[in-house]
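Data first, discussion second: the structure below is written as structure tokens.
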Amino acid sequence: MKNIWKYGRTGGEYAGKVLDDMLVSVPYTDQPPLEGIRADGEPLTIADQMFDPKLNQWIILANALDHN
Numbered sequence: 076m077k078n079i080w081k082y083g084r085t086g087g088e089y090a091g092k093v094l095d096d097m098l099v100s101v102p103y104t105d106q107p108p109l110e111g112i113r114a115d116g117e118p119l120t121i122a123d124q125m126f127d128p129k130l131n132q133w134i135i136l137a138n139a140l141d142h143n
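Using this note's numbering, the first residue of the sequence shown is number 76, and each one after it goes up by one.
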């Protein structure tokens with residue numbers, strides 16, 4: 076079983092587990108969100124990120140305007 080996340084323009088949410096051989100397609104990914112600490116010292120959450128399906132990776136949003 077593998078974990079998948081549903082992503083939107085910004086942020087996303089944990090969607091659950093699926094079989095390992097299941098094809099994952101838009102708007103879902105099996106790439107886990109990034110972990111770490113934001114510049115203000117708070118924990119990094121999925122709301123602080125956006126997923127780029129072309130690069131197949133999560134990107135940290137740089138400023139508050141990116142969150143819209």
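Each residue gets a CB set at the ideal place from its N, CA and C atoms; glycine is no exception. Owing to the predicted nature of the structure, the values given are computational and were not obtained by experimental measurement.
Per DSSP, cross-strand counterpart(s) of residue i
i	result
Pro-127	Note that residue 127 corresponds to Asp in the displayed sequence, not to Pro. Asp-127 is bridged to Gln-132.
Thr-104	Trp-80
Residue i, buried or exposed, once every other Cβ within 10 Å from all chains shown has been counted against 16
i	result
Gly-116	exposed
Gly-87	buried
Pro-107	exposed
Thr-104	buried
Contact check, residue i vs residue j, beta carbons under 8 Å
i	j	result
Met-125	Asp-95	no
Pro-102	Lys-129	no
Leu-98	Gly-111	no
Leu-109	Ile-79	no
Whole-Å CB distance - residue i paired with residue j, under 8 Å assumed
i	j	result
Arg-113	Asp-127	That pair is no contact at about 19 Å.
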